[in-house]
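Written below as structure tokens is the structure these notes are about.
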Amino acid sequence: MSTVTDPAPDAVVERFAPTSGRISGVVGLITAGVVLILAVLGWDVGTPLGVAIVALLGALLVWAAMLRPALWTTSSELVMRGMFGSHWIPLAAIDTVIVTQVLAVKVGDQRFVSPVIGYTVRQTMKSKARDAHSPTSSAPAPTQEHQAFVEARIAYVAQDARDRLGIRKGSPEQQALAADVRHTWAWPELVAAAVLVLAFVVWVIL
Numbered sequence: 068m069s070t071v072t073d074p075a076p077d078a079v080v081e082r083f084a085p086t087s088g089r090i091s092g093v094v095g096l097i098t099a100g101v102v103l104i105l106a107v108l109g110w111d112v113g114t115p116l117g118v119a120i121v122a123l124l125g126a127l128l129v130w131a132a133m134l135r136p137a138l139w140t141t142s143s144e145l146v147m148r149g150m151f152g153s154h155w156i157p158l159a160a161i162d163t164v165i166v167t168q169v170l171a172v173k174v175g176d177q178r179f180v181s182p183v184i185g186y187t188v189r190q191t192m193k194s195k196a197r198d199a200h201s202p203t204s205s206a207p208a209p210t211q212e213h214q215a216f217v218e219a220r221i222a223y224v225a226q227d228a229r230d231r232l233g234i235r236k237g238s239p240e241q242q243a244l245a246a247d248v249r250h251t252w253a254w255p256e257l258v259a260a261a262v263l264v265l266a267f268v269v270w271v272i273l
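For the sequence shown, our numbering begins at 68 and goes up steadily by one.
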């Protein structure tokens, strides 16, 4: 007889595909890689060494800013992974979710944002133009369906989490959950950035 076990608390339940940044991030990494290779080919402790350090630092920053950010849910939390850290937000604590150029989540008096999901300036302008011509229409444009889905999906799972816990939105119990927001640091990226910055400073001095 098989038994069904609950997923691990931190296991990914649903991951949301990013709306931008990935292509630019890959191009940035390739560019940094080419610069690094050229610096290595002309290797000495002069300019090529400095260029190599800057290329590595640039690659790290491109990774942290454009490729590392991610957004997913676990069985009880919304995880917003950013450049150098992640926020773990109890789903039941979420008050509102809105997507503009970034995704913003309000939890009590705190506001958390993620660049993973967002509308481009062009999409925003098209939406305003569409609303001006059809003010009674609330349906998202085809290019905006993913952003609208993510916004609605997070709101849904937040309400579902409150229902499972028997917590009413706006209640003191929900407000108390805001204190359970966790933050974790991306130590590998932070240490690597500190080492590269220090190496560049030493190179400039020497």
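Positions of the beta carbon are idealized from the N, C-alpha and C atoms, including for glycine.
Values in this document were obtained by computation on a predicted structure and should not be read as measured data.
Have a look at Thr167, Ala78 and Leu244 and flag the residue whose alpha-carbon is nearest the alpha-carbon of Trp139.
Sorting Thr167, Ala78 and Leu244 by C-alpha distance to the C-alpha of Trp139 places Ala78 at the top.
Going by beta-carbon coordinates alone, are Val164 and Ala222 separated by less than 7 angstroms?
Against a cut-off of 7 angstroms, the Cβ pair of Ala222 and Val164 comes out as a contact.
Check the C-beta distance from Gly175 over to Gln242 and give it rounded, since I have them as a contact under 8 angstroms.
With a Cβ gap of about 5 angstroms, Gly175 and Gln242 count as contacting.
With burial defined as no fewer than 16 other Cβ atoms inside 10 Å of the residue's Cβ, what is the status of Ala159: buried or exposed?
Buried, by the Cβ-count rule.
Roughly how many angstroms separate the alpha carbons of Ile156 and Val183, rounded to a whole number?
Put simply, the backbone Cα of Ile156 is about 16 angstroms away from that of Val183.
Please classify Ser181 as buried or exposed, where buried requires at least 16 other C-beta atoms within 10 Å of its C-beta.
With 16 or more Cβ atoms within 10 Å of its Cβ, Ser181 is classed as buried.
Going by the CB atoms, is the gap between Val93 and Ala106 shorter than 7 angstroms?
No, the Cβ-Cβ distance between Ala106 and Val93 is not below 7 angstroms.
Quick one: complete beta strand (DSSP E) runs, 3+ long, within the stretch 130-160?
For the stretch 130-160, whole beta strand (DSSP E) runs of length 3 or above, ordered along the chain, are 137-140, 144-148 and 152-157.
Quick check on this structure: which residue in Thr86, Arg148 and Pro85 has the alpha carbon closest to the alpha carbon of Trp254?
Closest by alpha carbon: Arg148.
By Cβ distance, which residues of its chain are closer than 7 angstroms to Trp270, with the 5 residues on each side in sequence left out?
Within the same chain, Trp270 has close Cβ partners Leu116, Gly117 and Ile120.
Separation of Ala266 from Ile272, as counted between CA atoms
Rounded to whole angstroms, Ile272 to Ala266 spans 10 angstroms at the Cα level.
First and last residue of the uninterrupted alpha helix (DSSP H) at Ile97
First-last of the alpha helix (DSSP H) with Ile97: Arg89 to Leu108.
Could you tell me the distance, in whole angstroms, from the CA atom of Met150 to the CA atom of Ala131?
Rounded to whole angstroms, Met150 to Ala131 spans 5 angstroms at the Cα level.
Just confirm the distance between the C-beta atoms of Ser91 and Gly185, as a whole number of angstroms; I'd bet it's less than 8 angstroms.
The pair is not a contact, with the Cβ atoms about 14 angstroms apart (cut-off 8 angstroms).
Which term fits Ala219, buried or exposed, when burial requires 16 or more other beta carbons within 10 angstroms of its beta carbon?
Around the CB of Ala219, fewer than 16 other CB atoms lie within 10 Å, so the residue is classed as exposed.
With the cut-off set at 7 angstroms, would you say Leu232 and Leu124 are in Cβ contact?
Going by C-beta atoms, Leu232 is not nearer than 7 angstroms to Leu124.
Just to confirm my understanding: we take Ala261, look at its own chain, exclude 5 residues before and 5 after, and list those with CB closer than 8 angstroms. What are they?
Same-chain partners within the cutoff: there are none.
My guess is that Leu127 and Glu256 are in contact by the Cβ rule of under 8 angstroms, so how many angstroms apart are they, rounded?
With a Cβ gap of about 7 angstroms, Leu127 and Glu256 count as contacting.
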